[in-house]
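Numbering-wise (the working numbering), the sequence shown opens with residue 37 and increments by one.
For reference, the structure is listed below as structure tokens.
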Amino acid sequence: MPREIAQLTQTIQAELSLLRELAGDLIGCRKAFIGMDLEEIYVHVAKQAALCDKLQLIGRERVSAWQAEFAGCPQPSSEPDLVAWLESLDPEIGRRMRELLTQLALAEGEVRNLNHIHTLFLNGSRRTLNVLANALTAFSPTYSQTPAGKSVAGAGTRP
């Protein structure tokens, strides 16, 4: 396997692994949102942020590997060009690359869907907190203390 193809394959596999880990954490975070467990939510958010940073890094590496593979040649810009490039490779390498690219596309779609669901959980949690804040604000005059040294008219007397 040529070095450029091996590097490209390795970066795609790493990206695929990170996307699967991110998908698992997005699913695992649901319990924290449902239970309104703020500490657990922070743990998941920190892990997801770290995974996203790693994904950005490996994404740049994949772009570099892709450019190295097509140094001096035009890169495939459409699906037919990509299919033609895959068919120009050794049959086993082409099959493996096709599988990896398909798995990558599926994993990206899954993370996109889970991210949408995660956004719905965030919005729901925000609405819940807004309702609670509004309820507390509505009752604050009822439970407020009178300023020190001032008496409330009629306090402690009966009509």
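Note that beta-carbon positions come from the ideal geometry of N, C-alpha and C, so glycine has one too.
| request: Specify the secondary structure class of residue 47 as computed by DSSP and reduced to three states. | output: Counting from one through the sequence shown, the residue named residue 47 turns up at place 11. Annotated three-state conformation of residue 47 is helix, per DSSP.
| query | Does the region 73-80 come within contact of the region 117-131, defined as at least 3 CB pairs closer than 8 angstroms? | reply | As far as the Cβ criterion goes, the region 73-80 does not touch the region 117-131, which means the pair count is below three.
| Of the residues 142, 149 and 54, the one placed nearest residue 95, counting alpha carbons only | Against the sequence shown, residue 95 aligns to sequence position 59. Among 142, 149 and 54, the Cα nearest to that of residue 95 is on 54.
| For residue 166, which residues of its own chain have a beta-carbon under 6 angstroms away from its beta-carbon, when the five flanking residues on both sides are left out? | As a position in the sequence shown, residue 166 is number 130, starting the count at 1. Taken in chain order, the list of residues that qualify is empty.
| What does a CB cutoff of less than 8 angstroms around residue 41 pick up in its chain, not counting 5 residues either side in sequence? | Counting from one through the sequence shown, the residue named residue 41 turns up at place 5. Taken in chain order, the residues that qualify are 105, 125, 129 and 133.
| Going along the chain, which residues of its own chain have a beta-carbon closer than 6 angstroms to the beta-carbon of residue 148, five neighbours each way excluded? | Position 112 of the sequence shown, counted from the start, is the residue given in the question as residue 148. Taking C-beta separations shorter than 6 angstroms and ignoring five residues to either side along the sequence, residue 148 has no partners in its chain.
| Nonlocal neighbours in the same chain, by C-beta distance under 6 angstroms from residue 137, ignoring five residues either side | Counted from its first residue, the sequence shown places residue 137 at position 101. Residues of the same chain with their beta carbon placed closer than 6 angstroms to that of residue 137 are lacking, with the five preceding and five following residues left out of the count.
| field | Limits of the unbroken alpha helix (DSSP H) element including residue 116 | value | For the purposes of this step, residue 116 is taken as residue 80 along the sequence shown, with counting starting at 1. Looking at the DSSP string, the run of the alpha helix (DSSP H) that includes residue 116 is 115-124.
| task | Rounded to whole angstroms, what's the CA-CA distance from residue 51 to residue 155? Just pull it up for me. | result | On the sequence shown, position 15 is the one that residue 51 refers to. On the sequence shown, position 119 is the one that residue 155 refers to. Between residue 51 and residue 155, the C-alpha separation is close to 22 angstroms.
| said: According to DSSP, is residue 175 part of a helix, a strand, or is it coil? | reply: As a first step, residue 175 must be located in the sequence shown, where it is residue number 139. In the three-state DSSP reduction, residue 175 falls in the helix class (H, G or I).
| task | Buried or exposed for residue 47, please, with buried defined as at least 16 other CB atoms from any protein chain shown within 10 angstroms of its CB. | result | Position 11 of the sequence shown, counted from the first residue, corresponds to residue 47. With 16 or more neighbouring CB atoms inside 10 Å of its own CB, residue 47 falls in the buried class.
| field | Of the residues 59, 60, 100 and 76, the one placed nearest residue 43, counting alpha carbons only | value | Taking the first residue of the sequence shown as position 1, residue 43 is located at position 7. The shortest Cα separation from residue 43 among 59, 60, 100 and 76 belongs to 100.
| Expressed to the nearest angstrom, what Euclidean distance is found between the alpha-carbon atoms of residue 49 and residue 71? | Here residue 49 is taken as the residue at index 13 of the sequence shown, counted from 1. Here residue 71 is taken as the residue at index 35 of the sequence shown, counted from 1. If you take the alpha carbons of residue 49 and residue 71, they lie about 34 angstroms apart.
| request: Starting from residue 71, trace the alpha helix (DSSP H) both ways and give me its first and last residue. | output: On the sequence shown, position 35 is the one that residue 71 refers to. Here residue 71 belongs to no alpha helix (DSSP H), and DSSP marks it neither H nor E.
| request: Using alpha carbons as the reference points, say which of 170, 169 and 157 lies closest to residue 73. | output: Taking the first residue of the sequence shown as 1, we reach residue 73 at position 37. It is 157.
| message | Using 8 angstroms for Cβ pairs, my map puts residue 142 next to residue 59. What's the rounded Cβ distance? | response | Walking along the sequence shown from the start, residue 142 turns up at place 106. Walking along the sequence shown from the start, residue 59 turns up at place 23. Their Cβ separation, rounded to whole angstroms, is 10 angstroms, which puts residue 142 and residue 59 out of contact at 8 angstroms.
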